[in-house]
Amino acid sequence: MNLPLETVYVELKFDPTNPSITAMKMLEIAEQFRRKLYSLSFFNKHERQQLNRAILEKNAFSAQMYCRDFMIDQWLHVLLNNKNIFTANDANAVKTKVNRLKQSILEQSNFKEARPYQIQQAYNEFKHFIVLGHPGSGKTTLSKWLIINMAKQCLGEKNMLFDHIYSKKEKLPILIPIWKYVDKVKENDGENKFTLLQFIYENPTFDSTFFNDEERIELSFSIKELLIEGNVLVIFEGLDEVPVHIDRSDLIKEINALLEREIDYDVIHDKLTYSVYEQKEIHNTRDPTIGNRFIITSRIEGNYFEDINFFIPRLTIEDMSNDALKLFCNSYMKCINDISLKAGRIVKESNNDQLYNEIIKNKDIFHLAINPQLASVIAAVYNQCEGQLPEKRIDLYETAIEKMIERLIIFYIDFPTDYLDQEHGLNTTMLWSILQEIAEYLHSRVEALSEKMLKEIIRKCLLDCQKQSSKFLETKVEELISKLVDIFKYHSGVLNEFGHNSFRFIHRTFQEYLAAKIPLSMTFGILSKSDEDNLLFSNIIRRLLTDEKVSLNMQSSTLLISFVIIDSLNDMHFSCKDTEHELIQKLADMRLSDYTNISGFSRLKEHQELIKSYFLKLKRKYNHTLAEWFIEKMNHEDNVAACASIIYQLKWYNSKFHEIFVKNLHNDSIIWNW
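With the first letter of the sequence shown counted as 1, position 551 gets the number 552 in the working numbering; the numbers rise by one all the way through.
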């Protein structure tokens, strides 16, 4: 499914202050904001009651997050939009109070609030600039948008960067993943110094097969001429992608040289050089359209950009506003409905706000959705899960990957090229295995994945499977590798090509999830499904749980392996129901023991919430078994309060539970409060 690029929201904020100073100032501002917000005189009694009701209806109350929720405009908007609680005047009064408080604190702190820009404004105002953003905020999308629209301008086509196609502002657009230059420098180690300027005109095609040798030479010569004339736009993509073990100082010097100096032609050596004249205060350039232009993108995390010329504006990509998220969701739902109608499928009648309304029901999911990349993932999961969204973030990532794999394995009539038919003998476990290997490779290196390495990883996984199965014919392996490479590159939805022959996961979270979670859960799944390994599987589980219980200090630790086993239950097969029943009870015992250990991690509200979410996972799959376990546990007075607290939070109605609760009301306390 394709959404028009124009529906992707990108707004920039210009912040002229140093990032570290901004961070310190923001901490001071947040503390002042918290103190004022908690004062009894700030909201009147009626307003406070209304806000508490709105927060409780969203199941979003957290003492630690209460203040932060009011600082995030998007979430405050969601709370105040509850028409059953707030009238328009009520909502406006609360919003005005909060905004005035923010403005007052900003003025007192002498903190210059960032000014918003649309990308066209920023491009027309600043000659060079740095685009900063969190993972998935849209840095690569923004780079490609600029490159595509500038290319259209060069070709005299209508575009969204300029008001009319006859402008004299066009420049040849070049997109360069910055780590490719670092790789080239490593290749030339010990030889003559290879400058970033040389790299721009000597490697214009990145060995792309779209060009023959003659065309490469001609293009290189043209770029050299255009650089001298000052008619090139270069976007250096992903400063943060440079491997952490590499010294960035030389790279930063090269970038600063391009930003601060004009380009001259060295007639004797037939090459381009930097002018002797230096222009430090670049932001004072009168006309940003004169001369070559350079844009750099980087993650905010890591401050990789800190040593780049101080006068280059830093532009931060904003999270999506409520209106922008709603626009994105509406565009997505409309697109889905249009595709379904064209395909002749019967679709349930739905309104365009349905996806947005589902997202704002859950604060965890909502906080993910204001990131454009994750909003796309959430929308895709919502569509493929028939209008349902998972409750927890980790379940969202798992569902997204599972649905992608399911789509590749099962034939879909709408996507005849996107599936793997039965004759290849490919299964879900094998695709998880390939993705896990890709994640491990990328996790051990910061660079992206080349097509050659992608082929090697797939070949290794297929050959390992071939040794264990007679289904694969040797002659089919190469054919299957080619098909899988094409699918992972263009159709899977979890990898993204962000430069020629350069791939990575669409969001770092998927990479981290696969690299960390899969090895254990896959092992459990594979061993449990093998008849000959079933006894080994049972013994491993028993030993893991026993050893961890013995080795950990229960006063301060939590039992980590039980979380992994619960996450892996869907992949496991039990030949004996008694073994399965015993395991579920043991896992519940460990989680209850952890929950009641107030001197350990359970003194933290976040850890209590985590344990409750894992009880919910057990309830969904083993409702009857878990109900029996709770009833048995509550026969002992010492367990009643903790069990009741968990059941209350799960909103689990069971008449037998409630009979026990009524008899044990005297066992409640301030700690458990059930």
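Heads up, the beta-carbon is just placed ideally off N, CA and C, and yes, glycines get one too.
Owing to the predicted nature of the structure, the values given are computational and were not obtained by experimental measurement.
Collapsed DSSP secondary structure at residue i in the structure displayed
i	result
Ile414	In this prediction, Ile414 has a pLDDT of 42, which is less than 50 and means its spatial position is unreliable; nothing more can be read from the coordinates.
Tyr195	Residue identity differs from the one stated: residue 195 is Phe in this sequence, not Tyr. In this structure, Phe195 counts as coil in the three-state DSSP scheme.
Glu457	helix
Met555	With a pLDDT of only 43 at Met555, under 50, the local geometry of the prediction cannot be trusted, and no value is derived from it.
Thr1	This structure cannot settle anything about residue 1, because the visible part of the chain is limited to 2 through 675.
Leu162	coil
Ala516	helix
Ala344	coil
Lys550	Interpretation of Lys550 is limited by its pLDDT of 47, a score under 50 that renders its predicted location unreliable; no figure is taken from the coordinates.
Asp208	coil
Val565	helix
Arg249	coil
Asn83	coil
Leu305	For the record, residue 305 in the displayed sequence is Tyr; it is not Leu. DSSP places Tyr305 in coil when its eight states are reduced to three.
Val183	helix
Ser539	helix
Thr290	coil
Lys98	helix
Glu171	coil
Ser670	coil
Met27	helix
Of the listed residues the options, nearest to residue i (C-alpha basis)
i	options	result
Ile366	Lys140, Gln389 and Ala115	Gln389
Asn384	Asn363, Lys393, His368 and Ala401	Ala401
Ile296	Phe237, Asp265, Ser539 and Leu252	Phe237
Leu464	Lys477, Glu452 and Lys453	Lys477
Glu230	Phe207, Glu261, Thr196 and Tyr266	Tyr266
Met431	Lys453, Gln512, Ile458 and Leu443	Ile458
Thr510	Ala440, Leu651 and Leu588	Ala440
Gln104	Gln33, Glu48, Glu158 and His47	Gln33
Ile395	Val382, Glu387 and Ile488	Val382
Ser563	Ile541, Ala94 and His47	Ile541
Thr274	Phe207, Glu242, Pro314 and Lys194	Lys194
Asp271	Tyr202, Leu107 and Leu481	Tyr202
Ser299	Ile612, Trp180 and Ile269	Trp180
Lys362	Ala55, Leu13, Leu41 and His47	Ala55
Ala94	Gln122, Glu126, Phe43 and Ser569	Phe43
Glu130	Lys84, Leu260, Ala152 and Pro117	Note that residue 130 corresponds to Phe in the displayed sequence, not to Glu. The residue with the shortest Cα to Cα distance from Phe130 is Leu260.
Ala115	Lys187, Met27 and Asn160	Met27
Ser483	Lys453, Phe506 and Ile507	Lys453
Ser670	Asn655, Ala645, Lys652 and Lys364	Ala645
Ala642	Thr597, Ser434 and Ala628	Thr597
Leu316	Val277, Gly139 and Ile30	Gly139
Ile672	Gln609, Asn624, Asp241 and Phe616	Gln609
Those residues which DSSP pairs with residue i across a bridge
i	result
Thr317	Lys14 and Leu133
Phe506	Leu496
Phe237	Ile177 and Ile297
Ile264	Tyr275
Leu450	Phe504
Span of the alpha helix (DSSP H), counted from its first residue to its last, around residue i
i	result
Ser141	It is worth fixing the name first, because residue 141 is Thr in this sequence and not Ser. Residues Lys140 to Cys155.
Pro373	Pro373 to Gln385
Thr597	Lys578 to Thr597
Gln119	Run containing Gln119: none in the alpha helix (DSSP H); it sits in the beta strand (DSSP E), Arg116 to Gln119.
Phe367	Lys364 to Ala370
His625	Asn624 to Lys634
His659	Ser656 to Lys664
Ile224	Asp214 to Glu230
Gln389	Element bounds for Gln389: n/a, residue is neither H nor E.
Asp639	Glu638 to Leu651
Gln280	Where Gln280 is concerned, there is no enclosing alpha helix (DSSP H), given that its DSSP letter is neither H nor E.
Leu57	Lys46 to Glu58
Leu356	Gln355 to Ile360
Beta-carbon separation (whole angstroms), residue i vs residue j, contact threshold 8 Å
i	j	result
Ile371	Val132	About 18 Å separates the two Cβ atoms, so there is no contact after all.
Leu496	Phe504	5 Å
Leu326	Ala376	6 Å
Leu80	Leu52	7 Å
Phe163	Lys172	That belief does not hold up - the Cβ atoms of Phe163 and Lys172 are roughly 11 Å apart, past 8 Å.
Phe631	Phe662	Actually they are not in contact, since the Cβ atoms of Phe631 and Phe662 sit about 11 Å apart, beyond 8 Å.
Leu593	Leu619	Contact doesn't hold; Cβ gap of about 11 Å is too wide.
Phe71	Leu38	6 Å
Asp354	Asn331	7 Å
Ile256	Asn293	Their Cβ separation, rounded to whole angstroms, is 13 Å, which puts Ile256 and Asn293 out of contact at 8 Å.
Leu234	Ile120	At roughly 13 Å, the Cβ-Cβ gap does not stay under 8 Å, so Leu234 and Ile120 are not in contact.
Thr626	His582	6 Å
Distance cut-off 7 Å: residue i Cβ against heavy atoms of the ligand NAP
i	result
Ser40	The ligand NAP is not part of the structure shown, which contains no ligands of any sort.
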